[in-house]
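Chains as they are written, first to last, in our numbering: chain A, 1160 to 1483; chain B, 29 to 197.
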């Protein structure tokens, strides 16, 4: 069975048939050839389906080996995208939170008529837990001077003590060396608020003839440096004063000093005292008297008190500039 | 015994075609794909001579044509010629193991080239010259891997079915 005349003849015949088929199929669009083709295809389809049920596990295994690298890359890509998206989401939430905090600050400032410089706390200088100061990112470049009140939307945060060009050190109101002039809501009863520890301030009422009771609220008194009317906190408990003349009360501040983030520094105070306007209205509030523009302590009616044993005495200082 | 060898050859080629369509054709291998049909045909032809090569090439080519959507007879023509040419080398098959290897590789390359040429002559838009060259080369390379596996099996089958003929060669 070599290259004989027979095999050559066979080749020629087969090639001729192939050409005939090609020509027929090329020229005609349907007819007997396409019928034959579809018949064979449907038959072969059945066989192929049978064969592929056997071979598909093999082909799947082979392609899974092939695809493992691609899948891993895809997984890495997707996890990277997820991390990016989560980061963006966190940034967005942070930005939204900041925007809300800023708008609350703005609202408070507008209500009080204060001119504010918003600032963010950069560092807490809590050394040995004895000092309650923080550093904020606003300084003399934006008009901050030492001795200005620092507030947030809840109320008093502290006051500036040292001011750099772009940063300031703020002593929180809870610092034991912080003393800020305060007065009781709805009256002119004057005193000072000293820091004790976070979550508790101490209010010293100068005029023992005035009444202070738990639930009373305090606002800053205002002075040459300090803005008036900033909410400080609520009196929680009366305390027997050791100094004798004055009256002491524990005050829970409105501000949670542990979670302060955005603050604003009151760089200019309004021409008129905002009074008690910044305090949130009480649910069933008795009509509060309109705020007095001139904050002068007027101990006119010393009512009879139960707690002190010493005779009532006038408040020691009238203008009560808070000592720092 | 001779008829038995014909049946076995036909079954081998049909099996190769089915495996090609269901398994190998779906693999996403680098460069291209091996073609089991051409390799099997080359093995059969190089063992049994040009008449077997031409007729089985025509037959399996026609079946593959019927299962595809290109012009009927294209693969039949190509595989008929490839099988015939591979069969011409059957006298040298015992000289070296490289003969079936080279035959299969050349058959793969020639089959792709001729099929593409055929398509180009008939204006098949799927034929792109650089693509064809790459596929011819990759198919030839894959045949170098698969032929050493397939050829001994097919050769052993024919030797068992037709010992006298194997002696004659």
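Virtual Cβ for every residue (Gly too), placed ideally from N, Cα, C.
Computed from a prediction, not measured in an experiment: that's the story for all the values here.
Hey, is residue 1184 of chain A's beta-carbon within less than 9 Å of any beta-carbon in chain B?
Numbered from its first residue, the first chain carries residue 1184 of chain A at position 25. By this cut-off, residue 1184 of chain A is an interface position.
Candidates B:136, B:119, B:127, B:123, of which the one nearest residue 107 of chain B by Cα
As a position in the second chain, residue 107 of chain B is number 79, starting the count at 1. For residue 107 of chain B, the nearest C-alpha among the options comes from B:136.
Which residues in the same chain have their Cβ closer than 6 Å to the Cβ of residue 1313 of chain A, if we skip the five residues on either side of it in sequence?
For the purposes of this step, residue 1313 of chain A is taken as residue 154 along the first chain, with counting starting at 1. Answer for residue 1313 of chain A: 1413, 1414, listed in chain order.
DSSP state of residue 1362 of chain A, grouped into three classes?
Residue numbering aside, residue 1362 of chain A sits at position 203 when the first chain is read from its first letter. Assigned with DSSP and collapsed to three states, residue 1362 of chain A falls in strand.
Of the listed residues A:1178, A:1358, A:1244, A:1323, nearest to residue 90 of chain B (C-alpha basis)
Stepping through the second chain from its first residue, residue 90 of chain B is reached at position 62. Out of A:1178, A:1358, A:1244, A:1323, A:1178 has the C-alpha closest to the C-alpha of residue 90 of chain B.
Any beta-carbon of chain A closer than 9 Å to the one on residue 142 of chain B?
The residue given as residue 142 of chain B occupies position 114 in the second chain. Under the Cβ distance rule, residue 142 of chain B does not count among the residues neighbouring chain A, no pair being separated by less than 9 Å.
Between the stretch 1185–1209 of chain A and chain B, which residues of the former have CB atoms less than 8 Å from a CB of the latter, in chain order?
Listed by position, the residues of the stretch 1185–1209 of chain A near chain B (Cβ gap below 8 Å) are 1185, 1192, 1195, 1196, 1199, 1200, 1203, 1206, 1207.
Please determine if the stretch 175–182 of chain B and the stretch 127–143 of chain B are in contact, where contact requires at least 3 C-beta pairs separated by less than 8 Å.
Taking a cut-off of 8 Å on C-beta distances, the stretch 175–182 of chain B touches the stretch 127–143 of chain B, as three or more cross pairs fall below it.
Per-residue contacts from residue 95 of chain B into chain A (C-beta, under 8 Å):
By 1-based counting over the second chain, the position of residue 95 of chain B is 67. Neighbours of residue 95 of chain B in chain A, taken as residues whose beta carbon is under 8 Å from its own, are 1199, 1200, 1203 in chain order.
If you check the beta carbons only, do residue 86 of chain B and residue 104 of chain B fall under 9 Å apart?
The sequence position of residue 86 of chain B within the second chain is 58, counting from 1. The sequence position of residue 104 of chain B within the second chain is 76, counting from 1. Closer than 9 Å, so yes.
Taking a contact to mean a Cβ-Cβ separation below 9 Å, would you say residue 1351 of chain A touches residue 1385 of chain A in this structure?
Taking the first residue of the first chain as 1, we reach residue 1351 of chain A at position 192. Taking the first residue of the first chain as 1, we reach residue 1385 of chain A at position 226. No; because the gap between Cβ atoms is not below 9 Å, this pair is not in contact.
Would residue 1432 of chain A be called buried (16 or more neighbouring beta carbons within 10 Å of its own) or exposed?
Here residue 1432 of chain A refers to the residue found at position 273 of the first chain. With 16 or more neighbouring CB atoms inside 10 Å of its own CB, residue 1432 of chain A falls in the buried class.
Would you say residue 1165 of chain A faces chain B, with C-beta separation under 9 Å as the test?
In the first chain, the residue the question calls residue 1165 of chain A occupies position 6. Interface residue, yes.
Assuming residue 51 of chain B is part of the beta strand (DSSP E), what are its boundary residues?
Numbered from 1 along the second chain, position 23 holds the residue referred to as residue 51 of chain B. Run containing residue 51 of chain B: none; DSSP gives neither H nor E here.
Would you call residue 1311 of chain A buried or exposed, if buried means 16 or more other Cβ atoms sit within 10 Å of its Cβ?
Counting from one through the first chain, the residue named residue 1311 of chain A turns up at place 152. With 16 or more Cβ atoms within 10 Å of its Cβ, residue 1311 of chain A is classed as buried.
Residue 1430 of chain A, DSSP secondary structure in three states
Counting from one through the first chain, the residue named residue 1430 of chain A turns up at place 271. It is coil, neither helix nor strand.
Beta carbon proximity, residue 35 of chain B to chain A, threshold 9 Å
Walking along the second chain from the start, residue 35 of chain B turns up at place 7. Taking 9 Å as the CB threshold, residue 35 of chain B stays off the interface with chain A.
Checking the sheet assignment: what are the DSSP bridge partners for residue 1406 of chain A?
Along the first chain, one-based indexing puts residue 1406 of chain A at 247. Residue pairing by DSSP places residue 1406 of chain A opposite A:1364 in a beta bridge.
Answer with buried or exposed for residue 93 of chain B, where buried requires no fewer than 16 other C-beta atoms within 10 angstroms of its C-beta.
If you number the second chain from 1, residue 93 of chain B lands on position 65. Buried.
DSSP three-state assignment for residue 156 of chain B, whether helix, strand or coil:
Translated into the one-based positions of the second chain, residue 156 of chain B becomes position 128. In the displayed model, residue 156 of chain B falls within coil according to three-state DSSP, outside both helix and strand.
Cβ shell of residue 125 of chain B (< 6 Å), same chain only, five flanking positions each side left out:
Indexing the second chain from 1 puts residue 125 of chain B at position 97. Apart from the 5 residues on each side of it in sequence, residue 125 of chain B has no Cβ closer than 6 Å to any other Cβ in its chain.
Taking Cβ to Cβ, would you say residue 1380 of chain A is nearer than 9 Å to residue 1331 of chain A?
The sequence position of residue 1380 of chain A within the first chain is 221, counting from 1. The sequence position of residue 1331 of chain A within the first chain is 172, counting from 1. No, the pair does not count as a contact, with Cβ atoms beyond the cut-off.
For residue 44 of chain B and residue 21 of chain B, the rounded distance between their alpha carbons:
Because residue 21 of chain B is not part of the residues shown, which for chain B are 29 to 197, the question remains open.
Top-ranked residue by Cα proximity to residue 1322 of chain A, from A:1375, A:1293, A:1209:
In the first chain, residue 1322 of chain A corresponds to position 163, counting from 1. Nearest neighbour of residue 1322 of chain A by Cα position, chosen from A:1375, A:1293, A:1209, turns out to be A:1293.
By how many angstroms is the C-alpha of residue 1248 of chain A removed from the C-alpha of residue 149 of chain B?
Translated into the one-based positions of the second chain, residue 149 of chain B becomes position 121. Translated into the one-based positions of the first chain, residue 1248 of chain A becomes position 89. Using only the alpha carbons, I get a separation of about 60 Å.
Using CA coordinates, which residue listed in A:1353, A:1267, A:1416, A:1441 is at the minimum distance from residue 1338 of chain A?
Taking the first residue of the first chain as 1, we reach residue 1338 of chain A at position 179. Nearest to residue 1338 of chain A by C-alpha distance, out of A:1353, A:1267, A:1416, A:1441, is A:1353.
Decide yes or no for the touch test of the stretch 1228–1238 of chain A against the stretch 67–84 of chain B: beta carbon pairs closer than 8 Å, at least 3 of them.
Segments in contact, no.
Check the Cβ-Cβ distances between residue 1236 of chain A and every residue of chain B, and say whether any is below 9 Å.
Taking the first chain and counting its residues from 1, the one referred to as residue 1236 of chain A is at position 77. No, its Cβ sits nowhere closer than 9 Å to a Cβ of chain B.
Looking at residue 1296 of chain A: is its Cβ nearer than 9 Å to the Cβ of residue 1281 of chain A?
Here residue 1296 of chain A refers to the residue found at position 137 when the first chain is read from its first residue. Here residue 1281 of chain A refers to the residue found at position 122 when the first chain is read from its first residue. A contact, by the Cβ cut-off of 9 Å.
Roughly how many whole angstroms lie between the Cα atoms of residue 165 of chain B and residue 1241 of chain A?
As a first step, residue 165 of chain B must be located in the second chain, where it is residue number 137. As a first step, residue 1241 of chain A must be located in the first chain, where it is residue number 82. Within the model, the alpha-carbon separation for residue 165 of chain B versus residue 1241 of chain A is close to 43 Å.
Using a Cβ cut-off of 9 Å, which residues of the stretch 139–172 of chain B contact any Cβ in chain A, in chain order?
Cβ contacts with chain A come from 146, 150.
By the three-class DSSP mapping on this structure, what secondary structure does residue 176 of chain B have?
The residue given as residue 176 of chain B occupies position 148 in the second chain. Reduced to three states, the DSSP call for residue 176 of chain B is helix.
Once the 5 residues before and after residue 1355 of chain A are set aside, which same chain residues still bring their CB inside 6 Å of it?
For the purposes of this step, residue 1355 of chain A is taken as residue 196 along the first chain, with counting starting at 1. Apart from the 5 residues on each side of it in sequence, residue 1355 of chain A sits with its Cβ closer than 6 Å to the Cβ of 1361 in its chain, given in chain order.
Within 9 Å, strictly: CB atoms of residue 51 of chain B and residue 1217 of chain A:
The residue given as residue 51 of chain B occupies position 23 in the second chain. The residue given as residue 1217 of chain A occupies position 58 in the first chain. In this structure, residue 1217 of chain A lies closer than 9 Å to residue 51 of chain B by Cβ.
Who are residue 1351 of chain A's beta bridge partners in DSSP?
Start at 1 with the first residue of the first chain, and residue 1351 of chain A comes out as number 192. DSSP lists A:1340, A:1363 as partners of residue 1351 of chain A.
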